[in-house]
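Undergrad:
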Amino acid sequence: MIDLKKYEVWFAAGSQHLYGDETLKKVANHTKEIVKGLTNSPKIPVKVEYKPVLTSSDSIYKLCLDADSSPSCVGLIFWMHTFSPAKMWIAGLKALQKPFVHLHTQYNRELPWGQIDMDFMNLNQSAHGDREFGFICTRMGKSRKVIVGHWQDESVREKLAVWMRAACAKLDAQGGKVARFGDNMRDVAVTEGDKVDAEIRMGYSVNGYGVGELVRFVNQVSESAVQRLIEEYHDRYRLSKALKKGGEKHESLREAAKIEIGLRKFLKDGNFMAFTDTFEDLHGLKQLPGLAVQRLMAEGYGFGAEGDWKTAALVRAMKVMASGLKGGTSFMEDYTYHFASAGDRNSKRSPQGKVLGAHMLEVCESIAHGKPELDIFPLSIGSKDDPPRLIFTASPGPAINVTLLDMGDRFRLLANEVTVVAPEKELLKLPVARAVWIPKPDLPTAAHAWILAGGAHHTAFTQAISAEYLEDFSEMFGIEYLLIDGSTNIHEFKRELRWNDAYYSVKTGKT
């Protein structure tokens with residue numbers, strides 16, 4: 163569903179006519195070689211498109227307008243090969259709406275010490291050309307990512323790839339649509355938010371639909387389509403005896419298949435990128451969509467339970483950033499804790515506090531360790547038939563938990579780096595998909611900081627991308643970003659929150 167190869171990043175070098183045609187030809191040739199090198203790198207997820215050398219205010223302005231109007235351009239890379247007087251860039255940067263990265267590099271890796279002459283010096287001026295460009299960007303308050311290093315270095319290409327993936331997620335959100343079946347869970351605060359401000363700030367729209375509109379799609383599903391999907395379930399998962407043909411709960415699986423087929427068609431026909439539902443509004447559906455949600459997330463859709471549209475859009479954005487990378491991304495919830503006791507330090511049990519993350523049903527199979535089990539159990543909420551669901555434990559390894567919050571005067575993206583671990587014992591009686599993790603720097607500090615920042619109980623959880631992606635993503639949208647990691651301490655975190663409150667109060671004019 164998510165194909166980053168349809169996107170492109172435009173690469174343009176800055177210079178000026180003062181150096182003459184011969185120098186400008188060399189600038190162009192060097193730029194083309196860099197573009198070719200980036201395009202051929204397996205780390206780069208999109209096409210890198212060469213653009214002619216920029217030597218005037220008019221050419222810069224036109225390129226920026228063209229980039230903004232291009233449906234495939236996610237952003238631009240600017241590099242000053244020579245000195246490029248910054249006043250030429252004002253009109254273009256003022257007009258530019260798409261994100262850009264300032265690549266501070268140079269064509270040659272090393273200095274040819276014995277052969278350096280003024281021709282070489284005039285040609286290779288990135289060291290001070292990029293400083294001129296950097297000044298005007300800062301003077302104009304232009305948000306951008308700065309990457310320093312030689313263009314052939316893997317670390318530089320990795321940082322470019324991170325930025326490109328974040329830029330893809332931003333473009334994906336522009337005009338994106340989130341379908342909200344019903345409202346949010348009653349009386350819950352954190353899943354609410356300003357949908358108008360979200361569309362102004364981030365580009366996607368959130369609109370409500372009656373569950374009856376979905377039911378109409380479900381009721382139109384053919385028996386042959388249901389049978390084909392049942393066969394896919396058999397091939398892909400370990401089915402319980404009760405769900406197999408002839409089993410006492412087989413009809414529940416058939417109903418789940420109908421819901422999945424109908425929901426997929428509704429989302430596809432409406433060109434939606436994400437959706438929500440709530441167990442308090444299921445009129446006309448026999449069961450809460452569980453299996454359907456898990457599988458649609460695995461295809462790239464964003465999802466938020468109980469009407470949580472902010473998390474649904476965030477899950478989608480993180481899936482775009484993670485497309486093609488190892489590891490999964492899912493809707494998640496911090497459900498319950500394992501507080502390690504002092505006695506654990508002297509036993510075989512882990513002395514570290516842990517979080518058990520799960521939800522009623524809706525955790526994406528992309529994070530599963532091994533082949534998921536497909537089974538059915540009672541759902542003690544919602545007053546509907548028991549829904550089938552995929553049951554698994556998340557793969558061990560580094561991950562990050564992220565939430566998007568509406569703080570009234572701004573949106574805040576809050577992230578916590580975690581390490582997923584195996585449960586200390588088998589979870590034999592827990593009939594849902596789950597993940598167990600150790601938050602950084604530790605459970606008490608992470609939970610303390612999360613609560614101080616107003617962090618939600620719903621999150622987007624990923625093992626595919628790192629905090630750097632989220633920082634780039636936040637800067638592109640101009641939203642606040644907070645990270646809880648291995649170096650977090652509460653004293654400094656409180657101070658960061660106060661500084662941020664002061665900054666946004668001045669920026670927005672709200673007190």
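Adding 162 to a residue's 1-based position in the sequence shown gives its number in our numbering. In this text, a Cβ means the ideal position worked out from N, Cα and C, and glycines have one as well. Being a predicted model, the structure only gives us computed values, none of them experimental.
According to the Cβ coordinates, are histidine 264 and glycine 303 closer than 8 Å?
TA: No, Cβ-Cβ distance for histidine 264 and glycine 303 is not below 8 Å.
Undergrad: Kindly list the residues whose CB is nearer than 8 Å to the CB of leucine 391, restricted to its own chain and excluding five residues on each side of it in sequence; keep chain order.
TA: Only Ala419, Glu422 and Ile423 meet the Cβ criterion.
Undergrad: Between the Cα of glutamate 410 and the Cα atoms of Glu195, Asp604, Phe539 and Gln259, which residue gives the shortest distance?
TA: The candidate whose alpha carbon is nearest that of glutamate 410 is Phe539.
Undergrad: In terms of DSSP beta bridges, what is tyrosine 499 paired with?
TA: For tyrosine 499, which the question treats as bridged, DSSP gives the partners Val517.
Undergrad: Note down, in chain order, each residue of its chain lying with its Cβ closer than 7 Å to the Cβ of alanine 328, except the 5 sequence neighbours on either side.
TA: Same-chain partners within the cutoff: Met483, Tyr631, Asp634, Phe635 and Met638.
Undergrad: Under a three-way DSSP split, which group does valine 477 fall into?
TA: Here valine 477 sits in helix by DSSP.
Undergrad: Along the chain, where does the alpha helix (DSSP H) containing threonine 185 start, and where does it finish?
TA: 183 to 201 is the span of the alpha helix (DSSP H), which, as asked, contains threonine 185.
Undergrad: Three or more C-beta pairs under 8 Å: does that hold for the region 195 to 214 against the region 275 to 286?
TA: The region 195 to 214 is not in contact with the region 275 to 286.
Undergrad: What distance in whole Å lies between the Cβ atoms of leucine 552 and alanine 595, which are believed to be in contact at a cut-off of 8 Å?
TA: Indeed, because the Cβ distance is near 6 Å, the residues count as touching under 8 Å.
Undergrad: Which whole-angstrom value describes the C-beta separation of arginine 478 and alanine 530, a residue pair presumed to lie in contact below a C-beta threshold of 8 Å?
TA: Contact doesn't hold; Cβ gap of about 20 Å is too wide.
Undergrad: Relative to the C-alpha of glycine 365, which candidate in Asn381, Val324, Leu333 and Glu354 has its C-alpha closest?
TA: Comparing Cα positions, the closest option is Leu333.
Undergrad: Is phenylalanine 573 helix, strand or coil when you go by DSSP?
TA: Strand.
Undergrad: Count the other CB atoms within 10 Å of the CB of arginine 457; is the residue buried (16 or more) or exposed (fewer)?
TA: The residue is buried, with at least 16 neighbouring Cβ atoms inside 10 Å.
Undergrad: Ignoring anything shorter than 3 residues or poking outside the region 548 to 624, list the beta strand (DSSP E) runs there in chain order.
TA: Correct list: 550 to 553, 559 to 568, 573 to 583, 596 to 601 and 620 to 624.
Undergrad: How is alanine 664 classed by DSSP in three states: helix, strand or coil?
TA: Alanine 664: helix per DSSP, three-state reduction.
Undergrad: With a 10 Å radius around its C-beta and 16 neighbouring C-beta atoms as the bar for buried, classify asparagine 381 as buried or exposed.
TA: Asparagine 381 comes out exposed.
Undergrad: Compute the distance between the beta-carbons of glutamate 417 and threonine 440, then report whether it is under 8 Å.
TA: No, they are not a contact pair.
Undergrad: Under 8 Å by Cβ, that's how I've got lysine 516 and tryptophan 599 pegged, so tell me the actual separation to the nearest angstrom.
TA: Confirmed, about 7 Å.
Undergrad: Please state if the CB of leucine 614 and the CB of phenylalanine 573 are separated by a distance shorter than 8 Å.
TA: No, Cβ-Cβ distance for phenylalanine 573 and leucine 614 is not below 8 Å.
Undergrad: Tell whether a beta-carbon distance below 8 Å holds between leucine 645 and alanine 577.
TA: Cβ atoms of leucine 645 and alanine 577: closer than 8 Å.
Undergrad: Who are the near neighbours of glutamate 527 in its chain, counting only those whose CB is closer than 6 Å to its CB and skipping five residues on each side?
TA: Closer than 6 Å at Cβ, skipping near neighbours: Gln456, Ala460, Pro534 and Leu552.
Undergrad: Quick one, which of Arg293, Leu567 and Phe245 has its alpha-carbon nearest leucine 180's?
TA: That would be Phe245, whose Cα lies nearest to the Cα of leucine 180.
Undergrad: Using only the alpha-carbon positions, how far apart do glutamine 287 and tyrosine 371 sit?
TA: When rounded, the distance between both Cα atoms is 57 Å.
Undergrad: Given that a residue counts as buried once 16 or more other Cβ atoms are within 10 Å of its Cβ, and exposed if not, what is tryptophan 325?
TA: The residue in question, tryptophan 325, is buried, as its Cβ has 16 or more Cβ neighbours within 10 Å.
Undergrad: Contact defined as beta carbons within less than 8 Å: I believe leucine 285 pairs with threonine 185. What is the distance between those atoms, to the nearest angstrom?
TA: Confirmed, Cβ separation roughly 6 Å.
Undergrad: At which residue ranges does the region 370 to 453 contain complete alpha helix (DSSP H) runs of 4 or more residues, listed in the order of the chain?
TA: With a minimum length of 4 residues, the continuous alpha helix (DSSP H) runs that stay inside the region 370 to 453 are 373 to 381, 385 to 398 and 412 to 431.
Undergrad: Find out if the Cβ-Cβ distance for the pair methionine 480, threonine 621 is shorter than 8 Å.
TA: Cβ distance not < 8 Å, so methionine 480 and threonine 621 don't count as in contact.
Undergrad: On the criterion of 16 or more Cβ atoms from any shown chain inside 10 Å, does valine 340 qualify as buried, or is it exposed?
TA: By the 10 Å Cβ count, valine 340 comes out buried.
Undergrad: Exposed or buried, what is threonine 300 when buried is set at 16 or more other beta-carbons lying within 10 Å of its beta-carbon?
TA: Exposed, by the Cβ-count rule.
Undergrad: In the DSSP assignment, find the unbroken beta strand (DSSP E) run with aspartate 537 in it and report its ends.
TA: Residues 535 to 538.
Undergrad: Could you please give the first and the last residue of the uninterrupted alpha helix (DSSP H) stretch that includes valine 318?
TA: Element bounds for valine 318: 316 to 335.
Undergrad: Check each candidate in Cys226, Ser386, Ser218 and Glu413 and name the one with the smallest Cα separation from methionine 250.
TA: With distances taken between Cα atoms, methionine 250 lies closest to Ser218.
Undergrad: With contact counted as at least three CB pairs below 8 Å, one residue from each stretch, are the region 221 to 228 and the region 191 to 211 in contact?
TA: In short, these stretches do not touch, since the Cβ pair count stays below three.
Undergrad: Reducing DSSP to helix, strand and coil, say where valine 482 ends up.
TA: Of the three classes helix, strand and coil, the one that applies to valine 482 here is helix, per DSSP.
Undergrad: Would DSSP call threonine 300 helix, strand or coil?
TA: Helix at threonine 300.
Undergrad: Excluding the 5 residues preceding and the 5 following leucine 429 in the sequence, name in chain order all residues of the same chain whose CB lies nearer than 8 Å to its CB.
TA: Within the same chain, leucine 429 has close Cβ partners Ala341, Phe437, Leu458 and Tyr463.
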